[in-house]
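Participant: Attaching a single structure in structure tokens format; questions to follow.
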Amino acid sequence: MEEPRKTFLAFYTAKKIKENPGKALNYIAAGVSDNIDFLGIAGKYKIVVQGTIANSKIINPSPHQKKFNELLKLKTNFDKRVFEENASLITEIKNTQNVNTRDSLISIFYKQYQGKYPKYYQDTILGFVKHHPDEPASLLELEEYSYRNDKNLATLSILYNNLTERLKTLPTAERVYSTINHEQFAGSLVGRQAPTFVQNDPLGKSVSLNNFKGNVILLEFWASWCGACRASNPSIVKTYQKYKDKGLKILGVSLDSDKERWVKAIKDDSLTWTHVSDLQEFNNAAAVLYHVYSIPSNFLIDKSGKVIVADLDENELTEYLEKLLK
1 MEEPRKTFLA FYTAKKIKEN PGKALNYIAA GVSDNIDFLG IAGKYKIVVQ GTIANSKIIN
61 PSPHQKKFNE LLKLKTNFDK RVFEENASLI TEIKNTQNVN TRDSLISIFY KQYQGKYPKY
121 YQDTILGFVK HHPDEPASLL ELEEYSYRND KNLATLSILY NNLTERLKTL PTAERVYSTI
181 NHEQFAGSLV GRQAPTFVQN DPLGKSVSLN NFKGNVILLE FWASWCGACR ASNPSIVKTY
241 QKYKDKGLKI LGVSLDSDKE RWVKAIKDDS LTWTHVSDLQ EFNNAAAVLY HVYSIPSNFL
301 IDKSGKVIVA DLDENELTEY LEKLLK
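Just so we're aligned: the sequence shown equals residues 1 to 326 in full-length UniProt numbering.
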């Protein structure tokens with residue numbers, strides 16, 4: 001094992017096991033609720049299953065595992081508090097069949113969350129990270145925080161710099177640093193002309209970012225193999241359908257290496273806007289130009305070609321488009 005990782009012990013069907021006999025999976029299947037997560041680190045583990053895997057217990061936890069459990073308890077209590085204080089709204093979201101109503105309720109929940117819980121999260125969960133700079137659990141939590149849309153870049157940078165040099169040499173720390181680098185670069189772009197580039201569309205035709213000047217542009221970095229990208233595509237399609245006649249253009253830059261999979265994903269997800277790629281994955285020239293180290297990632301560009309903001313979620317994008325495309 002190259003470095004400590006969050007590890008899941010889960011129940012899988014015989015069919016799933018046959019696909020990878022004798023091998024650990026690098027993901028946990030959606031809907032697998034009978035599982036526990038623990039700190040995967042070099043050593044031997046004795047895990048006793050008590051009825052269900054979720055009730056299992058590690059008999060010989062390492063000091064690092066004990067700290068991981070301590071953080072896990074803080075996170076469980078945090079999630080429990082959020083659920084209990086918003087139980088009726090969460091239940092309503094789950095039971096609502098109308099898509100528009102559900103989206104509105106989710107937006108309400110998001111705003112309530114933003115107004116009430118970030119400080120509690122920072123004081124408790126990130127407080128643990130701050131006070132345990134040499135714990136693998138802290139680094140893993142910092143990586144999760146780096147992927148959040150509501151992260152604070154200054155906080156992320158401070159906590160990263162607070163890590164011990166031992167942890168900073170690990171690949172996970174390198175990913176956190178890449179996120180900081182991307183966010184700082186994206187911030188420096190705001191108010192400046194968007195760097196231009198030229199790549200080919202699926203038919204081999206050259207497309208330049210400059211071709212879209214005079215429109216509001218969503219520059220979207222994604223890939224067919226990116227689960228989070230594919231999950232967000234329906235909302236982007238809905239946004240495009242709503243604003244395309246008002247002047248919204250989308251330029252999708254794929255970080256694929258397989259052209260057939262790229263083209264198939266475009267068709268399967270009904271992505272009817274312009275797409276380009278040089279099929280070099282994260283070495284894609286546009287991704288390098290925009291310091292994109294993880295996807296999905298996006299940049300919103302105004303009619304004059306200046307970057308307005310980066311890495312918007314669905315609700316934030318809608319708010320900006322309402323202002324820009326009145």
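We put the beta carbon where it would ideally sit given N, CA and C, even for glycine.
Please classify GLU260 as buried or exposed, where buried requires at least 16 neighbouring CB atoms within 10 angstroms.
Facilitator: Here residue 260 is taken as the residue at index 260 of the sequence shown, counted from 1. So GLU260 ends up on the exposed side.
Participant: Nearest CA to the CA of residue 379: which residue from ASN181, ARG166, GLU135?
Facilitator: What is shown of the chain runs 1 to 326, which leaves residue 379 out entirely.
Participant: Please identify the residue among GLY227, ALA186, TYR110 whose C-alpha is closest to the C-alpha of ASP311.
Facilitator: Here residue 311 refers to the residue found at position 311 when the sequence shown is read from its first residue. Checking every option, the nearest Cα to that of ASP311 belongs to ALA186.
Participant: Just to confirm my understanding: we take HIS275, look at its own chain, exclude 5 residues before and 5 after, and list those with CB closer than 7 Å. What are they?
Facilitator: Within the sequence shown, residue 275 is the residue found at index 275, counting from 1. If we look at HIS275 and ignore the five residues flanking it on each side, its Cβ neighbours are ASP201, PRO202, GLY252, SER254, ILE266.
Participant: Starting from GLY227, trace the alpha helix (DSSP H) both ways and give me its first and last residue.
Facilitator: Residue 227 sits at position 227 when you count from the first residue of the sequence shown. Note, GLY227: alpha helix (DSSP H), 227 to 243.
Participant: Could you give the first and the last residue of the continuous alpha helix (DSSP H) run that contains GLN193?
Facilitator: Taking the sequence shown and counting its residues from 1, one reaches residue 193 at position 193. GLN193 -> no alpha helix (DSSP H), and no H or E assigned at all.
Participant: How about ALA194 and LEU209: do their beta carbons lie closer than 8 Å?
Facilitator: Position 194 of the sequence shown holds residue 194. Position 209 of the sequence shown holds residue 209. A contact, by the Cβ cut-off of 8 Å.
Participant: Rounded to a whole number of angstroms, what is the C-alpha to C-alpha distance between GLN50 and SER56?
Facilitator: Position 50 of the sequence shown, counted from the start, is the residue given in the question as residue 50. Position 56 of the sequence shown, counted from the start, is the residue given in the question as residue 56. Using only the alpha carbons, I get a separation of about 5 Å.
Participant: Leaving aside the five residues before and after GLY31 along the sequence, list all residues of the same chain whose C-beta is less than 7 Å from its C-beta, in chain order.
Facilitator: Here the question's residue 31 lines up with position 31 in the sequence shown. Confidence at GLY31 is low in this model, with a pLDDT of 46, below 50, so the placement of that residue should be treated as unreliable; the coordinate-derived value is given next. For GLY31, where only same-chain residues beyond five positions count, there are no Cβ hits under 7 Å.
Participant: So, are the CB atoms of PHE221 and ILE106 less than 8 Å apart?
Facilitator: For the purposes of this step, residue 221 is identified with residue 221 of the sequence shown, where counting begins at 1. For the purposes of this step, residue 106 is identified with residue 106 of the sequence shown, where counting begins at 1. No, these two residues do not count as a Cβ contact at 8 Å.
Participant: Considering only residues of the same chain and omitting the five flanking positions on each side of VAL292, which have a CB-CB separation below 7 Å?
Facilitator: Start at 1 with the first residue of the sequence shown, and residue 292 comes out as number 292. Closer than 7 Å at the Cβ level, and outside the excluded window around VAL292, lie HIS182, PHE221.
Participant: State the beta-bridge partners of GLN112 as determined by DSSP.
Facilitator: Here residue 112 refers to the residue found at position 112 of the sequence shown. Its beta-bridge partners do not exist; DSSP assigns none.
Participant: What number of angstroms, rounded off, separates the C-alpha of ARG166 from the C-alpha of TYR177?
Facilitator: Counting from one through the sequence shown, the residue named residue 166 turns up at place 166. Counting from one through the sequence shown, the residue named residue 177 turns up at place 177. ARG166 and TYR177: Cα-Cα distance of roughly 14 Å.
Participant: By Cβ distance, which residues of its chain are closer than 8 Å to GLU281, with the 5 residues on each side in sequence left out?
Facilitator: Locating residue 281 in the sequence shown gives position 281, where the first residue counts as 1. These residues qualify, in order along the chain: ALA223, LEU255, ASP256, SER257.
Participant: Would you give the residue range spanned by the beta strand (DSSP E) that VAL292 belongs to?
Facilitator: In the sequence shown, counting from the first residue as 1, residue 292 sits at position 292. Note, VAL292: premise wrong, no beta strand (DSSP E); not H, not E.
Participant: Which residue from ASN149, TYR147, VAL307 puts its Cα closest to that of LEU219?
Facilitator: Reading the sequence shown from its first residue, position 219 is the one you call residue 219. For LEU219, the nearest C-alpha among the options comes from VAL307.
Participant: Would you mind giving the Cβ-Cβ distance between GLY247 and LEU317, rounded to the nearest angstrom? I have them listed as a contact below 8 Å.
Facilitator: Position 247 of the sequence shown, counted from the first residue, corresponds to residue 247. Position 317 of the sequence shown, counted from the first residue, corresponds to residue 317. The Cβ separation is near 14 Å, so there is no contact.
Participant: Please work out which residues of its chain come closer than 7 Å, Cβ to Cβ, to VAL309, disregarding the five sequence neighbours upstream and downstream, and give them in chain order.
Facilitator: As a first step, residue 309 must be located in the sequence shown, where it is residue number 309. Excluding sequence neighbours, VAL309 sits near VAL190, LEU300, TYR320.
Participant: Measure the Cβ-Cβ separation of TYR110 and ASN315 and say whether it is below 8 Å.
Facilitator: Your numbering for residue 110 matches position 110 in the sequence shown. Your numbering for residue 315 matches position 315 in the sequence shown. Yes, Cβ-Cβ distance for TYR110 and ASN315 is below 8 Å.
Participant: Can you look up LEU255 in the DSSP assignment and give me helix, strand or coil?
Facilitator: Against the sequence shown, residue 255 aligns to sequence position 255. Coil.
Participant: Comparing alpha-carbon positions, which option in ASN215, ALA286, GLU135 lies nearest PRO4?
Facilitator: In the sequence shown, counting from the first residue as 1, residue 4 sits at position 4. When only C-alpha atoms are compared, the closest one is GLU135.
Participant: Answer yes or no: do GLN199 and ALA286 have a C-beta to C-beta separation smaller than 8 Å?
Facilitator: If you number the sequence shown from 1, residue 199 lands on position 199. If you number the sequence shown from 1, residue 286 lands on position 286. Result yes, Cβ atoms of GLN199 and ALA286 sit closer than 8 Å.
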